[in-house]
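Chains as they are written, first to last, in our numbering: chain A, 104 to 375; chain B, 29 to 324; chain C, 8 to 361. The structure appears below as C-alpha cells.
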Amino acid sequence: MKRYFTIFLTFARACLIRDMTFRVNFLLECVTSMGWMSMNLAFYLLIFTFTPEIGRDTGWSREPFFAFVATGLIINSIVQALFMPSAEELTEMVRTGGLDAVLVQPLDPQFMLSMHRVDFSACANGLVGIGLLGWAVSRMDSTPPPVAWLLYPLLILCGVAILYSLVIMLAAATILLGRNQSLYDFWFYLTNFSRYPAEIYAGPWGGPLRTLFTFVIPILLVVNVPARVIALPFSGESWGLMVALLVAATATLVISRLVFQAAITKYRSASS
Amino acid sequence: MSLATPADRAPPTAPVRPFAGLRTWFTMLAICLEERLVYRGDFVIGTVMRFLPIVTQVFLWTAVFNATSRPDIAGYTRNDIVAYYLLTMVTRAFSSMPGLSGGISRSVRDGSVKKYLVQPVDYVAYLLAARIAHKLVYYVVAILPFAAIFYVCRGYFPPIPDVGTIAAYVLSLVLSFLLGFFMEATLGMLGFWFLEVSSIIFAYMLVQYLLSGHMFPIDMLSGVQTGIAGVTLADVVRWLPFEYTAYFPAAVWLGKIQGATLARDLAIEAGWVVVMAVACRIAWWRGTRRYSAFGG
Amino acid sequence: MVFLYTSGMHNSNRGGPADRGVDPVISVDSLAKEYRVYDKPEGLLASVTGLFHRTSRLVEAVRGVSLSIGRGEFVALLGPNGAGKTTFLKLLSGIITPSRGTARVLGHVPWERADDFRRRFALVMGQRNQLWWDLPAAESFRLHKEIYRIEPARFNRTRDELVDLLGVRGLMLQPVRELSLGERMKLELIAALLHEPEVLFLDEPTIGLDVVAQHTIHDFLKAVQARRRVTVVLTTHYMKDVAALCERVVVITHGSILHDGPLEEIVDRFTTHKIVTLDLDATPAVGRMERFGFPCEIRGPRVELRIDRTRIADVLPEILRSESVRDISVEDVPLEEIVAELFRAGPAPAGATA
Numbered sequence: 104m105k106r107y108f109t110i111f112l113t114f115a116r117a118c119l120i121r122d123m124t125f126r127v128n129f130l131l132e133c134v135t136s137m138g139w140m141s142m143n144l145a146f147y148l149l150i151f152t153f154t155p156e157i158g159r160d161t162g163w164s165r166e167p168f169f170a171f172v173a174t175g176l177i178i179n180s181i182v183q184a185l186f187m188p189s190a191e192e193l194t195e196m197v198r199t200g201g202l203d204a205v206l207v208q209p210l211d212p213q214f215m216l217s218m219h220r221v222d223f224s225a226c227a228n229g230l231v232g233i234g235l236l237g238w239a240v241s242r243m244d245s246t247p248p249p250v251a252w253l254l255y256p257l258l259i260l261c262g263v264a265i266l267y268s269l270v271i272m273l274a275a276a277t278i279l280l281g282r283n284q285s286l287y288d289f290w291f292y293l294t295n296f297s298r299y300p301a302e303i304y305a306g307p308w309g310g311p312l313r314t315l316f317t318f319v320i321p322i323l324l325v326v327n328v329p330a331r332v333i334a335l336p337f338s339g340e341s342w343g344l345m346v347a348l349l350v351a352a353t354a355t356l357v358i359s360r361l362v363f364q365a366a367i368t369k370y371r372s373a374s375s
Numbered sequence: 029m030s031l032a033t034p035a036d037r038a039p040p041t042a043p044v045r046p047f048a049g050l051r052t053w054f055t056m057l058a059i060c061l062e063e064r065l066v067y068r069g070d071f072v073i074g075t076v077m078r079f080l081p082i083v084t085q086v087f088l089w090t091a092v093f094n095a096t097s098r099p100d101i102a103g104y105t106r107n108d109i110v111a112y113y114l115l116t117m118v119t120r121a122f123s124s125m126p127g128l129s130g131g132i133s134r135s136v137r138d139g140s141v142k143k144y145l146v147q148p149v150d151y152v153a154y155l156l157a158a159r160i161a162h163k164l165v166y167y168v169v170a171i172l173p174f175a176a177i178f179y180v181c182r183g184y185f186p187p188i189p190d191v192g193t194i195a196a197y198v199l200s201l202v203l204s205f206l207l208g209f210f211m212e213a214t215l216g217m218l219g220f221w222f223l224e225v226s227s228i229i230f231a232y233m234l235v236q237y238l239l240s241g242h243m244f245p246i247d248m249l250s251g252v253q254t255g256i257a258g259v260t261l262a263d264v265v266r267w268l269p270f271e272y273t274a275y276f277p278a279a280v281w282l283g284k285i286q287g288a289t290l291a292r293d294l295a296i297e298a299g300w301v302v303v304m305a306v307a308c309r310i311a312w313w314r315g316t317r318r319y320s321a322f323g324g
Numbered sequence: 008m009v010f011l012y013t014s015g016m017h018n019s020n021r022g023g024p025a026d027r028g029v030d031p032v033i034s035v036d037s038l039a040k041e042y043r044v045y046d047k048p049e050g051l052l053a054s055v056t057g058l059f060h061r062t063s064r065l066v067e068a069v070r071g072v073s074l075s076i077g078r079g080e081f082v083a084l085l086g087p088n089g090a091g092k093t094t095f096l097k098l099l100s101g102i103i104t105p106s107r108g109t110a111r112v113l114g115h116v117p118w119e120r121a122d123d124f125r126r127r128f129a130l131v132m133g134q135r136n137q138l139w140w141d142l143p144a145a146e147s148f149r150l151h152k153e154i155y156r157i158e159p160a161r162f163n164r165t166r167d168e169l170v171d172l173l174g175v176r177g178l179m180l181q182p183v184r185e186l187s188l189g190e191r192m193k194l195e196l197i198a199a200l201l202h203e204p205e206v207l208f209l210d211e212p213t214i215g216l217d218v219v220a221q222h223t224i225h226d227f228l229k230a231v232q233a234r235r236r237v238t239v240v241l242t243t244h245y246m247k248d249v250a251a252l253c254e255r256v257v258v259i260t261h262g263s264i265l266h267d268g269p270l271e272e273i274v275d276r277f278t279t280h281k282i283v284t285l286d287l288d289a290t291p292a293v294g295r296m297e298r299f300g301f302p303c304e305i306r307g308p309r310v311e312l313r314i315d316r317t318r319i320a321d322v323l324p325e326i327l328r329s330e331s332v333r334d335i336s337v338e339d340v341p342l343e344e345i346v347a348e349l350f351r352a353g354p355a356p357a358g359a360t361a
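Here you go:
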C-alpha cells in the first residue's frame, strides 16, 4: 500500500539525515565492513593459488566463485541495510516499552519492527559486490544469456525474502523471550553456512547438512540459486532450483508471519 | 544487558588492589563465575556455537582438496587443517582480550583512570591480574564443551607429540596470553593521545584477522612472493607478532615447527612480549604525565 | 454486557456528563491478568542449581476487575506502584491479552487490535516515549498523519490548535531527544490528539515533571476534554492529578478495585473517625484528654484528638463543658492519609470484588 511506502520513505530519510550529520562515523562504518570483506577476498585469492576450482567438477572455478561471493555481498547488504538495524533494536524496544507504542498504532507491527531503521553504510558492501560481479562475469569463459540477467534480480529478491523471514522469526523469539543477544549471534552462525557454494557439503556429514539447509531452513538456496544462474552455464536444472527458491521464499514469508503474529499475541510487556 | 557473547564480555572493573590477598582474589573469581552462570543457557550455547564457523571452513577445504590432486597444501593434509582450526580456538582462548583496549581508552575518556593515578596501585598489574582471574574462570566453565568437541574430533589429530613439544606448546600459549594482553593494553593506552582510538583498534583487528592464522595456516603464505629476492610473505609474517596469537602454538602442537626453528620462533615470541610490555609501560608513564599536565 | 459493581460501593452514578447507563464507551467484566515470574538466583550455589531448576511464582497483576465508563467521563485510576493500573491500561489498549474476563472499548475487543479500533483511541505513557527519537517533532507529527490517515486540512487545523494551546511552536523543529522531559510530554500529548481520538488513555503523564509543567498539562487536559468530549482514563499515584482533574476516582490496589466513585466518598467510606483540634488555655495532662478520644497528640496547649464519628455528637459538648477551650475545629482525616493507608493495606477481601 502506498501509505506504507510513504511511511518507509520518512524513516529512510530520517536515517539518511542522521548518517550525514555524523559523516565521519558513517564513513568509518563503510570502511569497516569493506575492510572485513577485502580480507576475505584475499583469502579466497590465496585458495585459488592451490586449486583450480572448489569441489571436483562443480564448475566453481575462480571467476564463477567470485561471482558467487559478489551475489552474497549484494543480498547480505540489502538485508543489513533494510532489516537488521530495526531487528537489532528490538530488544531495546521491548525493554523501554517502544513496542507498546507500536502495538497501539493502526499499522502492521511487523512492518514497523522490521523497517523503521535503515543502515546506509551497509550499502557500501553491496556496491562493491556489484563491481565484483561485473569483474567476475567479464572474465568468465561462458557469458550468461540475457534471460539470466533478467532473472537475476528477481532471484536476489527471493533470497532476500528468505533471509527477511529468518529475521522476523528471530524478532518473534526476542518478543517472546524479552532479551536474548545470543539470538543475533545465532543469525550470524546460521547464515555463515551459506557463505560458500552448496556443493561443498558432500559426504556422510555434508549430505544431511545440505538437505537440512535446503529444505528445512533454506538458507543454501538464498545465494546459490541466483549465483548459479549468473555464473554457471544455464541448464534445465537451474529452472528446478528457481522454482524451489520461489516456493521457499513464499513458504518462509508465510510461516514467519504466522510465528510473528503468535508472538505478538503472547507479548508480556515490561510492566510498571 | 550483554552486548556480546559472554566470553567476549570484559571483566568487572572492581577497584581492588591486586595481590592484596588471596581472599580478594577468590572473591573476584567467585563473582566472575557467578556472572557467567547467570547467563546459563546463553553460555553453553555460545561456547559451542563459536566452533560452528569451523565446520563451514572444513567443508570448504575438503572441497578444495577434492578438486586438486595434491596430498597436502603447504604441508597440511585435510585432517591437519581440521586439527589446526580447533587448536587455533585454544590459542585464541588464551590470547584474545575482549574489551581490554576499549575499556582502557574509555576510562581515559571519561576520566575514571584518574583514580589509578592517585592510588598506589599499578594499573597495568591490576589489569593483568583481573584478566588472569577472568581467563581462569572462563577456562573452568568452558573446559567441558571444549573437551567434548576435541574428543569427538580426535580422529583428525596426529598422535600426541613428545614431552619436549608439549612443553614448547605450553610455553607458547602462556606467551601468547601475555603478548595479546600487552598489545591490546598498549593500544588502549593510545587513548591518552587520540580521542577516538577505535579506528586504530579496528585497523589492528583487521591485520590480526589476516595475519594471525585465524583464517588459514601461515605456512600457506610461503608460496607468496614479496618481490624482494626470495623472501616470501610467510617469512615476513614470522617476524611480526600477529601469528603468535593464533597460528604459532597450533603449528607447534602439530609438529610443523621443529628444532632450531622452534627455538628461534619461541625467542621471537618472547621478544615481542618484552617489547610490548615495555611499550605498554612507556605508554602508561608518558600518557599519565600528559594527562596530568592537561588537568584530566 | 453485565455491569457489576464492587460491593460496599454506593451506586454513585455521578462523574461528569456521563450517560454511562445508556451506552458505555468502556465496559469491563471480571478482567484478570496473571503471569509467571521466574526467581533470579542469588549467590554462587543458587546460580549453579539455577542451571537445572528454576522456581517461579504466579503474579496476579489484575484480579477480576469490572467497571464501566461513559462518554466524556474523566476517570482516574489511583493506586500505588505495582497495583496493576498500568497492566489494566495495557489490557484496555490491546497491548496484552487477559488471562480471563472480557472488555469492550468503543465496541471493540481491544486485544483483537482492529485497525478501526486503534484509529479511535490514543495512549500516552509518562516517561516512555513514543515519538521517534531522532526526528524533530514536526516530522513525527507528519508521520502520525500518515499512520492515522488524517486528512491534511484537518490535520493542520488540529495541530495548530494543539500546538498553540500548549505554546510549543518553537520546539517543533528540534530533534525530540534534545528536549526536556516536560517539553517532550507536551509534544507526546499533542501527537496523541492529532487524530482526534474518542478515548484517551494516560499512564502516569505527570511523573517526573516539575510543578509548573504538571499544572500546564492539567489545564490542557481539562480544556481538551471539555472541547471535544474525549473519554479520558488516567492512571496516577499522585493525589494532585486526581484532585485537579477528575470527579470520579477508581482506587486500585493489588490488582483489585477498592473504590469507584467521587473522591469525597473515600472519606465517608474509609474513615471511622474525625480529627478534633483543641486550643486550650493551658497544657493538659495526658490522662485527662484520653477519655475523650484516642490517639492523642499534645503540643503545648494544642491538642489533637481522634474521635469516633458516631460519638462526636456526645463527646464534643462534654469537652466544651469540662475544659476551657479557646478554639475548636472538627475535620476529616486528610485524604492523602486515607489513600496512603489504603495503598498499604492488602488486597480486598474475597467477597469485595466481582
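By construction, the Cβ of each residue, glycine as well, lies at the ideal position given by its N, Cα and C atoms. For clarity, every value in this text was computed on a predicted model and none was experimentally measured.
Q | Residues that A/Y292 contacts on chain B, provided the C-beta gap is smaller than 9 Å | A | M77, R78, L80, P81
Q: Just the chain A side, please: which residues come within less than 9 Å of C/T260 by C-beta, in chain order?
A: Within 9 Å Cβ-Cβ: nothing; C/T260 doesn't reach chain A, min ~16 Å.
Q: Take C/S331 as the anchor and find which of C/V337, C/E343, C/L285, C/A352 has the nearest alpha-carbon.
A: C/L285
Q: Specify the secondary structure class of A/P247 as computed by DSSP and reduced to three states.
A: A/P247: coil per DSSP, three-state reduction.
**Q.** Local conformation of B/I285 per DSSP, three classes
**A.** Of the three classes helix, strand and coil, the one that applies to B/I285 here is coil, per DSSP.
Q.
Between A/E302 and chain B, is the shortest Cβ-Cβ distance under 8 Å, so that the two count as touching?
A. Interface residue, yes.
Q.
Less than 8 Å between the beta carbons of B/P277 and B/S204, yes or no?
A. In this structure, B/S204 lies closer than 8 Å to B/P277 by Cβ.
(Q) Quick check on the burial criterion: 16 or more other C-beta atoms within 10 angstroms. Buried or exposed for C/V256? (A) buried
Q: Give the DSSP bridge partners of C/H115, in chain order.
A: Secondary-structure assignment with DSSP links C/H115 through a beta bridge to C/V112.
Q.
So that I know if they touch, is there some Cβ in chain A lying closer than 8 Å to that of C/E146?
A. yes
(Q) For a quick check, are the C-beta atoms of A/A239 and A/F169 less than 8 Å apart? (A) yes
**Q.** Where C/F128 sits in the DSSP three-state scheme
**A.** strand
Q | Neighbourhood of B/A274 by C-beta distance below 6 Å, restricted to the same chain and skipping five residues each side | A | T116, T119, R120, S240, G241, H242
Q: Assign C/T165 to buried or exposed, taking buried as 16 or more other Cβ atoms, counted over all protein chains shown, within 10 Å of its Cβ.
A: buried
(Q) To the nearest angstrom, how far is the alpha carbon of A/T154 from that of B/V92? (A) 6 Å
(Q) Can you look up C/T13 in the DSSP assignment and give me helix, strand or coil? (A) Residue placement at C/T13 is flagged as unreliable, the pLDDT there being 33, under the threshold of 50; the coordinate-derived value follows with that caveat. It is coil, neither helix nor strand.
Q: Let me know the secondary structure DSSP gives C/F208 once reduced to three states.
A: strand
Q. What is the C-beta distance between C/K40 and C/T94, in whole angstroms, given that I count them as a contact (C-beta under 8 Å)?
A. 6 Å
Q) Of the choices A/W139, A/G162, A/M345, whose alpha-carbon is the least far from that of A/A227? A) Of A/W139, A/G162, A/M345, the residue nearest in Cα terms is A/W139.
Q. For C/R372, which of C/E325, C/R316, C/A292 has the nearest alpha-carbon?
A. With chain C covering only 8 through 361, there is no way to say anything about residue 372 of chain C.
Q) Apart from the five residues just before and just after A/L344, which ones in its own chain have a Cβ nearer than 6 Å to its Cβ? A) V328
Q. In the DSSP assignment, what are the bridge partners of C/F81?
A. In the DSSP output, where bridge partners are listed per residue, C/F81 has C/V239.
Q.
Do A/E156 and B/A95 count as a contact pair if the criterion is CB distance below 8 Å?
A. yes
(Q) Does C/T62 come out as helix, strand or coil in the three-state DSSP assignment? (A) coil
Q | Every unbroken alpha helix (DSSP H) inside the region 158–222 of chain C [4 residues or more] | A | 159–173, 188–200
(Q) Under 8 Å, Cβ to Cβ, is there at least one residue of chain C near A/A117? (A) yes
Q) Got a sec: is the Cβ-Cβ distance from B/S250 to anything in chain A below 8 Å? A) no
Q) Going by beta carbon distance, what residues of the same chain come within less than 7 Å of B/G324, once the five residues before and after it are set aside? A) Note on B/G324: pLDDT 48, under 50, position unreliable in the model; the coordinate value appears next. Cβ neighbours of B/G324 beyond the five flanking positions: G139, K142.
Q.
Which residues in chain F have a C-beta closer than 7 Å to the C-beta of B/M243? List them in chain order.
A. The chain inventory of the structure shown lacks chain F, comprising the protein chains A, B and C.
Q) Assuming C/E345 and C/V274 make a contact with CB atoms under 8 Å, what is their CB distance in whole Å? A) Residue 345 of chain C is actually Ile in this sequence, not Glu. 6 Å between Cβ atoms; contact.
Q. Are there 16 or more other CB atoms within 10 angstroms of the CB of A/W308, so buried, or fewer, so exposed?
A. exposed
(Q) Please tell me whether B/Y94 has its Cβ less than 8 Å away from any Cβ of chain A. (A) Sequence check: residue 94 of chain B is Asn here, not Tyr. Yes, B/N94 lies at the interface with chain A (some Cβ there is under 8 Å from its Cβ).
Q: Compile a chain-ordered list of the residues in the region 96–109 of chain C whose CB is closer than 9 Å to at least one CB of chain A.
A: Under the 9 Å Cβ criterion, the region 96–109 of chain C contributes K97, S100, G101, I102, I103, T104.
Q. Pick from A/A354, A/R116, A/F337, A/R159: whose alpha carbon is nearest that of A/P249?
A. Of the candidates A/A354, A/R116, A/F337, A/R159, the residue whose Cα lies closest to the Cα of A/P249 is A/F337.
Q) What does a CB cutoff of less than 6 Å around A/L202 pick up in its chain, not counting 5 residues either side in sequence? A) M196
Q. Are the region 118–135 of chain C and the region 192–210 of chain C in contact at 8 Å, needing three or more beta carbon pairs?
A. yes
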